[in-house]
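The opening residue of the sequence shown carries number 1035 in this note's numbering; numbering runs sequentially from there. Glycine included, C-beta positions come from ideal geometry on N, C-alpha and C. Heads up: the structure comes next, in structure tokens.
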Amino acid sequence: MKAIRKTALFMMIMIVATQFSLVFAVDVKPITPVDPEIKSDLTLGLNQPYGLATDYLGNVYVADTYNNMIKKVTATGLELVAGGFDGKNNMDLPRGGLLDGKALEARFNKPRGLLVTQSGVIYVADTGNHVIRKIEASAVSTIAGTGTAGFTDGAASVAQFNLPSALAMSSEGKLYVADTLNSCIRVIRKEGSVETLSFTPDGKTLTSGKLNEPSDLLFDAQGVLYILDSGNQAVKRVKDGVISLVAGSVGDFNLETGYVNTGLVNGMAGEAKFNFPKGFALDEKGNLFVADSWNHVIRVITDDGMVRTYSGVLFSGNVNGDIKTARYNTPTGLTIKNNTLIVSDMWNNEIKEIPIDYNDVSFGYSEADLKALIDPSQSSEVWTFWEAKQKVNLDKTIINDKGTYYLPFKATMLHYGYAISWDAVNRRVLYTKGDVKGFIDDSTGMAIYEANSYLAIDHFERIVNKKFGVLEAYKAIVTIE
């Protein structure tokens, strides 16, 4: 099969004549102040918030990174938990510091990572200070690190970190640290010693146990450690000291940059691409949500081994509303509260929530569900397109490109009642249906195969307000609703 040309991996819908939005089950909305005056207030607002954590009561805590404070989200706004203001530095930003003591008198320096235990103790990765802090009984103490960047194991009082960014606690009470610029995972034991972990690659999905600027980590209910390996654009899993790949294209390493090449590619987990993801969260069903920070979207890795975009588009912005067209600006931290995904939208200085809709196509459908929507006796050796148990003749090849499925744009849009035309001046394909008008071109996700325009099925969902499933066994793309 000839290769297709992909020029971008996102879809922008341009509405020309009318306001129009697709109807989805859930909406994105802010849960922190949006008024500009309140947002800019040191105590009441946020300044590039990063990490999030949820306690057993459902309270959400925020690392208000550039205000050097730790805050709690309440029904009426934000409540200061620890930290304070010591004037501004020469960049006109709040000045950081390293001071233990009473919570509201303590000082932090660009904290990123948070962890809240069942007993209500808050641990903080105080990133700019290169230390790990603890907030307990309205007091702050430093439990590991010297305040100077370095790489030293041993007693907690002499151990050194380099921009630690995230924390997780094992069932034995060991505190795990994503030591970002040391590109490793450290462990703080109960007795106060710090050691560096090493991992053995599984030899199948990975040939090296090394990390590249890990940005987040968590444990699942079985005690398996997950690592967000940001510089390698990957999610990894560690069990019994053996590290394996969950998602990402780790073989695409760029020697010039020192990082794996970035991108936004959905599909099979081993072929997926990310762009410096910074945070992730695991739900009770085993789905991993990823804040794909520099792609400005929220991705989900489902237990069927697929990566999909759950919310957002590739453009940065600040748009609430339906989850597919919402816009974020460098989402970083994630946590889950009552089947709701909480997102730290860093450059928008907001915390947002997205109710998790398990009926969304992002979570896939069982083979039995999809099989009921086709006539298996009409399956063939080439990919087919189905709606209401009827095979639709698109008159062009359907393409499977490493788990990303592309439909011919013109034939598919004509099937859904759109008029299609070619804008030769701007070199783009126009579509209209009633008052709805839009376009695709080289900058908005269009792919070319044998001189025909193609678009991935997840982008079609956003235009035609349909959901599609993939039935691999029968080579069928199925319209679900």
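- prompt: Excluding the five sequence neighbours on either side, which residues of its own chain have a C-beta within less than 7 Å of the C-beta of Thr1466, listed in chain order?
  reply: If we look at Thr1466 and ignore the five residues flanking it on each side, its Cβ neighbours are Tyr1452 and Ala1453.
message: What residue range does the beta strand (DSSP E) around Leu1073 cover?
response: Strictly speaking, residue 1073 in this sequence is Lys, with Leu absent from that position. Note, Lys1073: premise wrong, no beta strand (DSSP E); alpha helix (DSSP H) at Pro1070 to Lys1073.
field: 3 or more residues per run - each beta strand (DSSP E) lying fully within the stretch 1316-1366
entry: Within the stretch 1316-1366, the runs of beta strand (DSSP E) that reach at least 3 residues and sit entirely inside it are, in chain order, 1322-1326, 1331-1335 and 1340-1345.
task: Work out the CA separation of Asn1321 and Leu1056 for me, nearest whole Å.
output: For Leu1056, the predicted structure reports a pLDDT of 27, less than 50, and the residue's modelled location is therefore unreliable. The matter cannot be settled from this model.
- prompt: If we ignore side chains and look at the alpha-carbon of each, how far apart do Val1470 and Leu1489 end up?
  reply: Per the coordinates, the alpha-carbon of Val1470 lies some 18 Å from the alpha-carbon of Leu1489.
task: Consult DSSP for Val1155 and reduce its assignment to one of helix, strand or coil.
output: Val1155: coil per DSSP, three-state reduction.
- prompt: Taking DSSP as the reference, what is the three-state secondary structure of Gly1503?
  reply: Looking at Gly1503 - three-state DSSP - the assignment turns out to be strand.
message: Which of the three DSSP states is assigned to Val1498 in this structure?
response: The answer is helix: DSSP assigns Val1498 an H, G or I state.
query: Would you say the stretch 1347-1367 touches the stretch 1412-1423, given that touching needs at least three Cβ pairs under 8 Å?
result: Taking a contact to require three or more Cβ pairs closer than 8 Å, the stretch 1347-1367 and the stretch 1412-1423 do not qualify as touching.
task: Can you say whether Glu995 is buried or exposed, counting buried as having 16 or more other CB atoms within 10 angstroms of its CB?
output: Outside the displayed range of the chain (1035 to 1515) lies residue 995, so it cannot be described from this structure.
- request: Using DSSP bridges, identify the partner residues of Ser1172.
  value: According to DSSP, which records beta bridges pairwise, Ser1172 is partnered with nothing at all.
task: In angstroms with no decimal places, state the Cα-to-Cα distance between Lys1270 and Thr1182.
output: The alpha-carbon separation between Lys1270 and Thr1182 amounts to approximately 29 Å.
- prompt: With DSSP run on the structure shown, which of helix, strand or coil describes Asp1187?
  reply: Shown here, Asp1187 sits in coil according to DSSP, grouped into three states, outside any helix or strand.
field: For Leu1279: DSSP bridge partner residues
entry: Answer by DSSP bridge pairing, in chain order: Lys1270.
- prompt: For the beta strand (DSSP E) that contains Thr1088, what are its first and last residues?
  reply: Taken as a continuous stretch (DSSP letters only), the beta strand (DSSP E) holding Thr1088 covers Leu1086 to Thr1088.
- request: With a threshold of 16 other CB atoms inside 10 Å of the CB of Met1125, please say whether the residue is buried or exposed.
  value: Burial check for Met1125: the Cβ neighbour count within 10 Å stays below 16, so the residue is exposed.
message: My output table needs one value for Lys1371: the three-state DSSP class, helix, strand or coil.
response: Here Lys1371 sits in strand by DSSP.
- request: Inspect the CB distances between the stretch 1155-1165 and the stretch 1194-1203 and report whether three or more fall short of 8 Å.
  value: Yes, the stretch 1155-1165 is in contact with the stretch 1194-1203.
task: Quick one: measure Cβ to Cβ for Val1221 and Ala1178, integer angstroms, because I've assumed they're closer than 8 Å.
output: Val1221 to Ala1178, Cβ: 10 Å. No contact.
query: Candidates Asp1187, Phe1233, Met1380 and Ile1065: which alpha carbon is nearest Asn1363's?
result: The residue with the shortest Cα to Cα distance from Asn1363 is Met1380.
- prompt: If we count Cβ pairs, one from each stretch, closer than 8 Å, do we get three or more for the stretch 1304-1317 versus the stretch 1251-1271?
  reply: The stretch 1304-1317 makes contact with the stretch 1251-1271; the number of CB pairs closer than 8 Å reaches 3 or more.
- prompt: Distance, Cα to Cα, Ser1283 vs Lys1444?
  reply: Distance between the alpha carbons of Ser1283 and Lys1444: 31 Å.
- prompt: Is the closest heavy atom of the ligand NAD to the C-beta of Ala1507 under 8 Å?
  reply: Ligands are entirely absent from the displayed structure, and the ligand NAD is therefore not among its contents.
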